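Protein chains in written order, with full-length UniProt numbering: chain A, 1 to 675; chain B, 1 to 675. A virtual CB, placed ideally from N, CA and C, is assigned to each residue, including glycine. Since we're looking at a predicted model, the values are computed, not measured.
2 protein chains.
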Amino acid sequence: MSNDPLVIFTPSGKRGRFPAGTPVLTAARQLGVDLDSVCGGRGICSKCQVTPSYGEFSKHGVTVAPDALSDWNAVEERYDQKRGLAKGRRLGCQATIQHDVVIDVPPESQVHKQVVRKRAEARDIVMNPAVRLYYVEVEEPDMHEPSGDLERLIAALENQWGIRNIEADLHILPQLQPILRKGGWRVTVALHQGMGAPRIMHLWPGFYEGTLYGLAVDLGSTTIAAHLCDLRSGEVVASSGLMNPQIRFGEDLMSRVSYSMMNPGGADEMTRAVREGMNTLFEQITTEAGIDRTLIMDSVFVMNPVMHHLFLGIDAYELGQAPFALATSNALHLRASDLDLTLHPAARTYILPCIAGHVGADAAAVTLSEAPDKSEDLVLVVDVGTNAEIQLGNKHRLLACSSPTGPAFEGAQISAGQRAAPGAIERVEIDPITKDPRFRVIGCDLWSDDPGFGAAIAATGITGICGSGIIEAIAEMRMAGIVDASGLIGSAEQVGTQRCIADGRTHSYVLWHGTEDSPRITVTNPDIRAIQMAKAALYSGARLLMDKLGVDTVDRVVLAGAFGAHISPKHAMVLGMIPDCVLDKVTSAGNAAGTGARIALLNSDTRAEIEDTVRRIEKIETAIEPRFQEHFVNASALPNSSEPFPILNSVVPLPDVSFNTGGDDSGGRRRRRRG
Amino acid sequence: MSNDPLVIFTPSGKRGRFPAGTPVLTAARQLGVDLDSVCGGRGICSKCQVTPSYGEFSKHGVTVAPDALSDWNAVEERYDQKRGLAKGRRLGCQATIQHDVVIDVPPESQVHKQVVRKRAEARDIVMNPAVRLYYVEVEEPDMHEPSGDLERLIAALENQWGIRNIEADLHILPQLQPILRKGGWRVTVALHQGMGAPRIMHLWPGFYEGTLYGLAVDLGSTTIAAHLCDLRSGEVVASSGLMNPQIRFGEDLMSRVSYSMMNPGGADEMTRAVREGMNTLFEQITTEAGIDRTLIMDSVFVMNPVMHHLFLGIDAYELGQAPFALATSNALHLRASDLDLTLHPAARTYILPCIAGHVGADAAAVTLSEAPDKSEDLVLVVDVGTNAEIQLGNKHRLLACSSPTGPAFEGAQISAGQRAAPGAIERVEIDPITKDPRFRVIGCDLWSDDPGFGAAIAATGITGICGSGIIEAIAEMRMAGIVDASGLIGSAEQVGTQRCIADGRTHSYVLWHGTEDSPRITVTNPDIRAIQMAKAALYSGARLLMDKLGVDTVDRVVLAGAFGAHISPKHAMVLGMIPDCVLDKVTSAGNAAGTGARIALLNSDTRAEIEDTVRRIEKIETAIEPRFQEHFVNASALPNSSEPFPILNSVVPLPDVSFNTGGDDSGGRRRRRRG
């Protein structure tokens, strides 16, 4: 035995001795090395390509001779002529081991290859799709041992691939006999594994070389975003989005819940609309990618609880009132056709579990993407929308809640507010001495005091303030002493600038004087009040979770969602939206819900993992927590009337001004309490 | 402990001691006594009725005092007033044990009650349907412990009924929340158990008192027969039949296989036709029974392989040619909606396994009904149709084959042949001295020589001979010396009757001279030849199985199928259709395939049982067995040119006549070989 050649695989480092003449693929399989093969070692699929290394390897204690592997054989010659085998590459099923050798398995030859994510703190995705291809050679029928063609196909999959308890979808039966005979008893099988028995989804005669696809879909109240993924490489082949067609029944979730209460059959109508929208989106994305829609065999959906119910055909009525009971909270393993989705006829659909009545499958997807449950340090994950979903924890314990922030962060309820679109003010700076602002608008890289700004924005104009713009504007006003901790804007006299103008019983701050084409843009005291309410809701949710964990600080903050991607951490902290934290520990995760859907699509192991995590999450319902109200009142101040924010104060000293003249009750009260 | 009252249940004989005050239902459950309950002991369903017995029971060694059970309580009083509780009955969940007691569980209170079959040799059916009702009380939603309504319903089923891993069909979700709230968190659940995870099929608010139904369907080439069964009592509520609408594509199976070969889309057309026919039949049977079709929650289908494939939407092309490969042979667990059947939307369909390319799910159903695999003695089971399915074995070993008998036994290929219908001759006797016949026709109880026969048959006339009639006619002709062992009819001179008339190169026997209204009916030599071919095919299949088992006799013969029900064992044996056997050991099983379907419907345990049996059956393909031809030639004689039939000869001596005049080659040859 010890005279047999030694084989060392990289990067795994797995090693073993095998008799001379053993194919590399056989050695890899016996050692449990991750080396791909669709054809089962028949020299057809070329998925098992490896790169032998030659010379001396002191690290491994071996010297690899030039004849360590067998010479190219006829199969490799033919493959090279037809397709080209890259220099240095061998087919693992053809090359046999002759002497000690070091063999590298390149990423593209690994089944469980890693899909690298761009963000340093994010885990890479390990490929393990639910649907995979298997090539088999099936025994021909024998009158002496009668059995069905399906039973012999299943036996072939068992014997050649070691997969047990396989079943077949009914639609396979009519195709089975002609395909087996057309392929000369050789077929490629698309097999779904994961939930329940492995199921035969599709058959191709002979060896099928094509790609299978999956869809990761983030079904938002406003937009539906889909990523079309290659189920072998993990690559995003195309991405596409669509306005949620349910918008015609109501802009926000609660108006859609009302629609179904007011209109008999309204829930069904909304279900049909969103499913039709899905199919339109799938048509759009497959056209863009230039692929056949029936090659999409798997799909993963994430969404908030109301969208979850309406997509599944459930009236969301109960979600509109306490106790906010979900019809079902567990993950769902369905056929896409059950949801009227026109993909492959056997395509599967996985919907992540909902965490609670206000914390949906989209929040579970954020958990999967950002993995607070695997974090060593204490992380606060906030997905900001009309509802903020808040998670706090580490690998020992994870808590979640939602808090009704309302639409102010999206620019609604703000006098000059608008959606993030060209022309909207998105960045603001205010000079603490002159109290004059400068700003940038979406669609233009220049600041408003840069030369050429006027010309650059001529096409879009200055149309309003978007969510991130209003955050920065108010935070800058607080830093410049234009607004006090209670949220009151000072008068021109108090602040020392004519930009503070009287506006009814309060004052407003003029951000932009306006021109003939674009109206004057001010930040009003009601604007500030709206943002105060929204950020107080957000902060008090987070603070409640901190209470439950018995902590006063968090190690890091992750802002998820589109809004989180544009928000400035410093300004958010000045407003007291998020807890006091080292600024560079506040990061943006982008569309973490969509990423979570993609992870569940590409690595089916993560489905059971997130289901288990969601079961273990401690769910907090803010509406019934006695301290929520107290936190909310404290958090209405800028940044907070009870918490000190020492890290923030060390970086950004906030002027201690007060503009309360006794006319504003709440401001006055708060001021007194703080003292 | 030993001072606790002793409880003895009958008929099970199970006994145990329980603290005074224990409800009877609780004691029954702990002892594993089969006592029904849908409401789980809440005094709602009244399914747990028992009959306590009082007095001395020397057999059990107890004396039961009048106060052995608690007095009637309020629940029993109320139930009695509303519904009436039969004299001596108590509700098992309300009556508590006070002193030693003997308690009888009447059949209607047993879950696994037995459905008695009429035939002495047939096993009773033990009730164990796949779909059952469970009443549960579900916890209300709690914001502190958010979970879906479905998850709490499933938890209630787990906790209150001990059922694990329950899943729900998607269609349940939209109904779930309103039904739970309408029922005040009390619901009755229809649960499917058996294959895969238990699944919630339907919900009713509160306690549902109604019945669930199932269908047992025998899908024949010519007719479809369905039995609608009560899934609790096992009773057949209605039976109905329909001509198979595929008949318009071809009378027999092979012409339907040809139709799909000749007509693109023909297989699909036939699939649609048979499924539409099914729905028509279901409409018909539910109308007859006066029930809602959506109360049908389970269904079992049996059929031959060609019908199996066409029903499933599979082209039967491969079944028309060697090696007769089935697309799938295993049992199928489907949703009825997958087959376009309009029953309850979640209704399940079970299709029994096929045994081989010519031995279908109908044969497996015969196995289930007649249980040759459980027989102590050696039994031959024959299902006679255009193909005969033949099974031979006992509890140690079971063999099966099919043999192509053709349609002669159904009256086809017979000059005066017709389907069994009013006016057809079905019974024949021939006087061995006078050689004159008398007969009976279907629809009339008189023999043709009885007074009043002419008037009695005036309405129908005498229209032809059906399958059982031709068997009796030829057998009687053989017994009367009108036909010889080779199958030749003698001349008037040879036989001594003017009823033998010349008919081309051979002779015919006049069974009925005819009248103005009804034509003359003769048995011709080609008629005899057709029956000889059919019965030789049948016998040689049986003989081949006997060879494989190494036996020359069988202990008993079971004739299945409609034809088997009308055939006379003595006449069948005179013809040599079946092996020599004691006459009263030849019995008819009626529609055993249909009965097998009903067993699989009513007792879902038998599904795994028959699947296992079918796997173990030794399948013999007669077409490739070298001895089949030899057996066939021998079996062409009446009864057989090589086998002695000693039991038959001891009961019915057959005249040793020969009418071969050298003009008929085959008859002559056979005669010689016998000598």
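- Contact between V131 of chain B and L231 of chain B holds, since their C-beta atoms are separated by about 6 angstroms, short of 8 angstroms.
- In summary, the residues of the region 615-628 of chain A whose CB is separated from some CB of chain B by less than 8 angstroms are K619, E621, A623, I624, in the order they occur in the chain.
- Inside the region 223-309 of chain B, DSSP marks whole beta strand (DSSP E) runs of 3 or more residues at positions 223-230, 236-243, 296-303, from first to last along the chain.
- For L312 of chain A, at least one C-beta of chain B is nearer than 9 angstroms to its own C-beta.
- By the 16-neighbour rule on beta-carbons within 10 angstroms, P655 of chain A is exposed.
- By the CB criterion at 9 angstroms, E611 of chain A and P323 of chain B fall outside the cutoff.
- Taking the Cβ atoms as the reference, F282 of chain A lies roughly 16 angstroms from R272 of chain A, outside the contact range of under 8 angstroms.
- Selection A:P569, A:L602, A:V574, A:R164 evaluated against V586 of chain A yields A:P569 as nearest (Cα-Cα).
- Boundaries of the alpha helix (DSSP H) around I599 of chain A: 592-602.
- Of the candidates B:A597, B:Y259, B:L343, the residue whose Cα lies closest to the Cα of Q284 of chain B is B:L343.
- Look at D373 of chain A: its C-beta is not under 9 angstroms from any C-beta on chain B.
- The count of Cβ pairs closer than 8 angstroms, one atom from the region 21-35 of chain B and one from the region 80-96 of chain B, reaches three, so the stretches are in contact.
- The beta carbon of P19 of chain A is closer than 6 angstroms to those of D4 in its chain, skipping five residues each way along the sequence.
- Taking C-beta atoms under 8 angstroms as the contact rule, L538 of chain B and S403 of chain B qualify, at a distance of about 6 angstroms.
- The residues G487, in chain order, have a CB closer than 8 angstroms to that of R529 of chain A in the same chain once the five nearest residues on each side in sequence are set aside.
- For E140 of chain A, the nearest CB of chain B lies under 9 angstroms from its own CB, placing it at the interface with that chain.
- DSSP lists A:E389 as the bridge partner or partners of S402 of chain A.
- Interface criterion not met: the Cβ of H99 of chain B is under 9 angstroms from no Cβ in chain A.
- The residues A565, in chain order, have a CB closer than 7 angstroms to that of G590 of chain A in the same chain once the five nearest residues on each side in sequence are set aside.
- Interface annotation for the region 328-359 of chain B against chain A: T328, S329, N330, L334, D338, A356, G357, criterion Cβ-Cβ distance under 7 angstroms.
- Between the alpha carbons of L378 of chain A and A459 of chain A lies a gap of roughly 46 angstroms.
- Close to chain A, meaning a Cβ-Cβ distance shorter than 7 angstroms, are the following residues of the region 119-152 of chain B: P141, D142, M143, H144, P146, S147, G148, D149, L150, E151.
- Close partners of Q177 of chain B in chain A (Cβ separation under 8 angstroms): I314, D315, Y317, E318, A325, A327.
- Residues of the region 166-191 of chain B with a C-beta atom less than 7 angstroms from some C-beta of chain A are L170, L173, P174, L176, Q177, listed in chain order.
- In the structure shown, A502 of chain A falls within a strand segment according to DSSP collapsed to helix, strand and coil.
- For the region 483-498 of chain B, no residue has a beta-carbon sitting nearer than 7 angstroms to a beta-carbon of chain A.
- Residue pairing of V523 of chain B in beta bridges, as defined by DSSP: B:Y509.
- Cβ neighbours of R152 of chain A within its own chain (closer than 6 angstroms, five residues either side excluded): V138, E139.
- Beta-bridge pairing by DSSP links A356 of chain A to A:V359.
- Excluding sequence positions up to five before and after S12 of chain A, its CB lies within less than 6 angstroms of the CB of V33, all in the same chain and listed in chain order.
- Contact annotation for A322 of chain B against chain A: M143 [CB-CB distance below 7 angstroms, chain order].
- When Cβ-Cβ separations below 9 angstroms define contact, A197 of chain A makes contact with chain B.
- Non-local C-beta neighbours of R164 of chain A in its own chain, meaning closer than 7 angstroms and more than five positions away in sequence, comprise E158, ordered along the chain.
- When DSSP states are grouped into helix, strand and coil, M201 of chain A belongs to the strand group.
- DSSP places S329 of chain B outside both helix and strand once states are collapsed to three, so it counts as coil.
- G467 of chain B: member of the alpha helix (DSSP H) spanning 467-479, first to last residue.
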